[in-house]
Amino acid sequence: MSNQNTKNYFSSDFKLGILGGGQLGKMLLYETRKFDIHTKVLEKANDAPSKIACDEFIIGDLMNFDDVYNFGKKVDVLTIEIENVNLDALEKLETEGLKVYPPTKTLRTIQNKARQKLFYVDHNIPTAPFNRFAYTSEIKDSIENGGLQFPFVWKAAQFGYDGQGVKVVRTIADLEGLPNGECIAEEMIPFKNELAVIVVRNPNGDVVTYPVVEMEFHPEANQVEYVICPARIDAKVAQKATEIALQVSKKMNHIGILAVEMFQTEDDQIIINEVAPRPHNSGHYSIEASYTNQFEQHIRAILNLPLGSTESKVAGIMVNLVGAEGYTGDVVYENMENILKLEGVTPHIYGKKQTRPFRKMGHVTIVNKDISVARSIAQQVKETIKVISK
């Protein structure tokens, strides 16, 4: 499209392509609707959450070269809501002049966890020591030869998400049943906090960061239970976390949103865990709590528009709604009216009709001027609402 100034994104024939049709895509589409930007989504599941919110829904496989390439030929800017996409197709589209954000080169670094870790080492970005293995089966040899000590964290190099593809290994038995592919074994760092910073950059080079958030984890599921903004940490620690996140974003030449997950160690060092080049669970609180939510910000960034304020209007806490254990099938949200009675509570239901244990089905935001009040209401929400099946 020639002479593409910002005037013709809105109510025009400009087309934004999104690879992936999950809940992140659905929440991005709330914002494109707000701006009346025409959207096309590529996704293989016909009942995906994004289907109801986009202008055109194309059925296709995100890992298939032709599906991604042909989709990209029909849009003006292409973005993602999930990292697991065919990068060769994106690269070809880029060489043919399509704007792809985040850039393929950034995605290549991030998509493979071993490559991502090597990037940190090469750029002197603090991260936990690790070993890389072509196959999970090689880990046993390494343990027997004294090369690897328990406990460590096993991570699949590719296609892990939401607690899948990550496991704490304390004994040989813990390796049973893990996929036998490329992986890393990461030293377990004792930490007192898991933090995240969202960095946003547009092609002009404008950069903003959101306040540092703190994540409270579910002990068994390895999934975030609460995201708390602002993090209840010392200002110096928050500043260090923000500086490291900015450094990562700059060195990765990232465009769009980059969620940087970090550990705060016992002695207040900050080390990188991993990054996600898209809107992220750690930014969902922003829909209710921030002047500009992370999804609107991603749209602003990839279209090279001015970036919005990342300040919070109020303290925000997010609770993930995940499928209860022991329930698989048509979803039922129990006690929804009870949480709606609570002050500052907004549920977001993603539109997945089928629940299963620990599947992300939605989230609830709790806002309040006082973070400790928000936290106790969040606890109530967590204990009240149940995601079960008929």
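Start counting the sequence shown at 5; every next residue gets the next number (the numbering used here).
All C-beta atoms in this analysis are idealised placements derived from N, C-alpha and C, irrespective of residue type, glycine included.
Between the stretch 150–167 and the stretch 200–214, do at least 3 Cβ pairs fall closer than 8 Å? no
In chain order, which alpha helix (DSSP H) runs of at least 4 residues are fully inside the stretch 304–346? The qualifying runs are 340–344.
Whole-angstrom C-beta distance between Thr-108 and Glu-98, which should lie under 8 Å: Contact between Glu-98 and Thr-108 holds, with the beta-carbon distance rounding to 6 Å and staying under 8 Å.
For a test of the three-state rule: what should DSSP assign to Gly-348, helix, strand or coil? coil
Residues of its chain near Leu-102, where Cβ-Cβ distance is below 7 Å and the 5 sequence neighbours each way are ignored: Gly-76, Leu-82
Given a cut-off of 7 Å, decide if Thr-388 and Asn-308 are closer than it, judged by their beta-carbon atoms. In this structure, Thr-388 does not lie closer than 7 Å to Asn-308 by Cβ.
Measuring only the C-alpha atoms, how far is Cys-187 from Leu-346? 44 Å
Excluding the five sequence neighbours on either side, which residues of its own chain have a C-beta within less than 6 Å of the C-beta of Glu-329, listed in chain order? Pro-361
Alpha-carbon spacing of Lys-121 relative to Glu-265, whole angstroms: Cα-Cα distance, rounded: 13 Å.
If I follow the unbroken alpha helix (DSSP H) through Arg-379, where does it start and stop? 375–388
Since Phe-154 contacts Arg-174 with CB under 8 Å, what's their CB separation in whole angstroms? The pair is a contact, with the Cβ atoms about 6 Å apart (cut-off 8 Å).
What are the partner residues of Thr-359, as DSSP defines its beta bridges? Answer is Gly-333.
Using a threshold of 7 Å, state whether the C-beta atoms of Pro-283 and Ile-114 are closer than that. no
Return helix, strand or coil for Gly-185, following the three-state DSSP convention. Note: Gly-185 maps to coil in three-state DSSP.
Can you give the Cα-Cα distance for Thr-246 and Ile-306, rounded to whole angstroms? 22 Å
The beta strand (DSSP E) spanning Leu-32 covers which residue range? Not the beta strand (DSSP E): Leu-32 falls in the alpha helix (DSSP H), residues 27–39.
Residue of Met-219, Asp-238, Thr-269 minimising C-alpha distance to Tyr-289: Met-219
How many whole angstroms separate the CB atoms of Ile-22 and Glu-85, which I take to be in contact at a CB cut-off of 8 Å? 6 Å
Give a yes or no on whether the C-beta atoms belonging to Ile-202 and Gly-287 are separated by under 7 Å. yes
Cα separation between Val-349 and Thr-332? Inter-residue distance for Val-349 and Thr-332 is about 26 Å (C-alpha atoms, whole angstroms).
Do you know offhand how far Ile-274's Cα is from Pro-130's? 7 Å
Opposing strand residues paired with Ala-52 [DSSP bridges]: BP columns for Ala-52 are empty, so no partner.
Note the first and the last residue of the continuous alpha helix (DSSP H) segment covering Tyr-105. Element bounds for Tyr-105: n/a, residue is neither H nor E.
Contact under 7 Å by Cβ, Ala-161 with Lys-117: yes
Between the C-alpha atoms of Asp-80 and Lys-356, what's the straight-line distance to the nearest angstrom? 29 Å
Quick one: using the 10 Å Cβ neighbour count with 16 as the cut-off for buried, is Asn-324 buried or exposed? buried
Hey, out of Ala-189, Phe-39, His-127, Glu-95, whose CA is closest to Arg-112's CA? Glu-95
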